[in-house]
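Below is one structure, written out as structure tokens; the observations come after it.
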DNA sequence: CTGAAAGCGCTTACAG
DNA sequence: CTGAAAGCGCTTACAG
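Residue numbers (my numbering), protein chains in the order written: chain A, 10 to 356; chain B, 10 to 356.
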């Protein structure tokens, strides 16, 4: 099973020391003379020794392994989170293994995640935005430290790191208002994650604060997919008084909306402005380049790794404390898909 | 470390049998009476027992773990491969852990992959299209079975499963020729993986077979990115005699080319037809929907799992045999981005 | 069909 | 600072 059968015993023999000493030298545990340490390290290197993770784990040693379970590998946001976590873990000297708890493979089960990741890893990072309360409750009683990433759906006592949705959303809508728009539509996502609601709340509050009366027909149901955004936009454009700006709860829907606008021969942003959410890679490549909101994904990765490390090393200041979720600020990324409201131009 | 401290001993006690018997009952190994087995299984369930993977592995047991190392998590093709492998692994009763050997984290090292995956998994699947010969050579001498997915770059003795590039590419170009095109441009990808070359070979052979003289200026260097495709297309369109069709070595570049065409006010496919490669999710959402070539990604996942299972269980018919790579046929996905060549329409 | 013993490779007390 | 012993949780021969 293991790559080569070089064991710690071989290293010890080669270095002319006892097994224990070799272990200590390699792990930097306990007292070893510098000379001995050098001999052992040299021997290990010469033999191409790499420790047997299983044995290490079994003995309660630090395998230096972090687990990451994700519910979706097709999402650009989740993939960026994975990249960020990978980098942060590497910088912290941790190896990362990823478990695909995709809903395509059936509902993510704590049992599965724990069977695979729980026995191997020192800590587990969870990117399961759709997870239900029950699933999380199981993790709460787990003995392996767990940190939640980008989770909003339910209340939970698990430590959480997430990007802001509300303020970013407000900023987007305020940007439109600043451009003179008042007929601003919102395309919602599906309600499974709680993120769409947060974004909608930001939309509503921004309107309210600007003294703009909310128009019910300007809020249309979407589902986070491009075709959903396309259809939602068609619905909006079929209305007698069409909006001058469309804010979609994510980029995919914003792009769908752009398609719908183009199909009608409407100019973006000349006739209608469009804003998305996520700053997906594609958002910078569509024409016109999409104005959108970006979550601080690398910060999220870093903070999540920092948090889990605290729990693992037991140096958490508030042990067992129900700290409030860490919420990192999103930023508005202004590109080319928004312009002055047509009325404002005429006025 | 482990989720709960229920061990096999607890189960055995609860069931009123010896430790060994419990082990056998749960693993289906050796002889156990039906009655005993039921008792043990019930006890295990009641206690919420889940075996300690480390101990299992250490004893040479079957952890039922498969490893998958990937070089890039931003690629839609690789993500579809991950999904396919996840599904195939699950169906085979295997758990899958993924290791991010992304080039962003430094060059993928066999040492890293093996340290993490090698000690834990029964077999390793590699999606490392950019891997150099040296890296692969290290895996060849590894004692853990390894299977390569979608690898072309170099010769290797490692068992390989991959999607066809050449024939799919030919089919795409023949489709264009069938529509009356003869000024067909090709935008290459970067040369790091060997895939672009394969696709170019298909392009050239299709032209040759149709008796169309290759025009050097119609082959332009790209880099697999959308902006690369955009620039390559601009180059093509700046030529005195512009192509009537553009075949890009992947979808991202094809979309970039579409952007360039739109910017020039050219109709797709009225003025210029466009074909991509990959059938990325976005290709079905751009306007017009992109005609492209699709690799049989789920077949690839299934075959790769089948192959690695053969190696693991040692039931490989040609043990140690240097079987030729398994190459699965790609298919042309015809959508809306190709039409009759303008000349043909006029003629 | 069932059980007692040995040992996978390592680390953590416990002695020198 | 170094070493001999015990044991993590399991499975695989070896006896009954």
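All C-beta atoms, glycine included, are put in the ideal place defined by N, C-alpha and C.
Between the beta-carbon of residue 269 of chain B and that of residue 233 of chain B there is about 16 Å, and that puts the pair past the 8 Å contact cut.
Counted as a single uninterrupted DSSP element, the beta strand (DSSP E) harbouring residue 195 of chain A occupies residues 193-197. Around the beta carbon of residue 43 of chain B, fewer than 16 other beta carbons lie within 10 angstroms, which makes this residue exposed.
With three or more CB-CB distances shorter than 8 Å, the stretch 306-322 of chain B counts as touching the stretch 147-156 of chain B.
The way I'd put it, the stretch 104-114 of chain A doesn't touch the stretch 46-56 of chain A; fewer than three beta-carbon pairs between them come closer than 8 Å. Per DSSP, the beta bridge partners of residue 256 of chain B are B:195, B:284. Taken atom to atom, the span from the alpha-carbon of residue 345 of chain B to that of residue 264 of chain B is near 13 Å. The beta-bridge partner set that DSSP reports for residue 123 of chain A is empty. Within the model, the alpha-carbon separation for residue 235 of chain A versus residue 261 of chain A is close to 5 Å. Around the Cβ of residue 166 of chain A, a 10 Å sphere holds fewer than 16 other Cβ atoms; the residue is exposed. Residue 220 of chain B is classed as exposed because its beta carbon has fewer than 16 other beta carbons within 10 Å across all chains shown. Under the Cβ criterion of 7 Å, residue 90 of chain A is not counted among the residues facing chain B. Here the alpha carbons of residue 301 of chain A and residue 292 of chain A stand approximately 8 Å from one another.
Just measuring C-alpha positions, the residue of B:222, B:117, B:49, B:30 sitting nearest residue 40 of chain B is B:30. Listed along chain A, the residues sitting closer than 9 Å to residue 113 of chain B by beta-carbon distance are 92, 95, 96. Interface criterion not met: the Cβ of residue 307 of chain B is under 7 Å from no Cβ in chain A. Separation of the CB atoms of residue 173 of chain B and residue 336 of chain B is rounded to 5 Å, and the pair is thereby assigned contact status at 8 Å. Contact annotation for residue 291 of chain A against chain B: 291 [CB-CB distance below 7 Å, chain order]. In its chain, beyond the 5 residues on either side, 31, 35, 49, 52, 53, 56, 58 have a beta carbon closer than 8 Å to the beta carbon of residue 20 of chain B.
Close CB contacts of residue 208 of chain A within its chain, under the 7 Å cut and outside five residues either way in sequence, are with 174, 178, 258, 286 (chain order). Contact residues of the stretch 264-290 of chain B toward chain A are 264, 265, 268, 271, 272, 290 (C-beta to C-beta distance below 8 Å). Excluding sequence positions up to five before and after residue 242 of chain A, its CB lies within less than 6 Å of the CB of 266, 269, all in the same chain and listed in chain order.
Separation of residue 150 of chain A and residue 112 of chain A (C-alpha to C-alpha, rounded to the nearest whole angstrom) is 23 Å. Under a 10 Å Cβ-count criterion, residue 89 of chain A is classified as buried, with 16 or more other Cβ atoms of the shown protein chains found around its own Cβ. Interface residue (Cβ-Cβ distance to chain B less than 7 Å): residue 82 of chain A is classified as such. When rounded, the separation of the alpha-carbon atoms in residue 211 of chain A and residue 226 of chain A is 18 Å. Using beta-carbon distances, residue 225 of chain A does not count as an interface residue toward chain B, since no partner is under 7 Å.
Within 9 Å of the CB of residue 159 of chain B, no CB atom of chain A is found; the nearest one sits about 16 Å away.
Near chain B, meaning a CB-to-CB distance below 9 Å, the residues of the stretch 122-147 of chain A are 123, 124, 125, 126, 127, 128, 129, 130, 131. Per DSSP, the unbroken beta strand (DSSP E) holding residue 336 of chain B starts and ends at 335-337. For secondary structure counted as the beta strand (DSSP E) over 3 or more consecutive residues, the stretch 183-235 of chain B holds these complete runs in sequence order: 193-196.
Annotation for residue 27 of chain A: 21 place their beta carbon closer than 7 Å to its own, counting only its chain and skipping 5 residues before and after. Residue 58 of chain A is outside the set of residues whose beta carbon lies under 7 Å from a beta carbon in chain B. Assigned with DSSP and collapsed to three states, residue 79 of chain B falls in strand.
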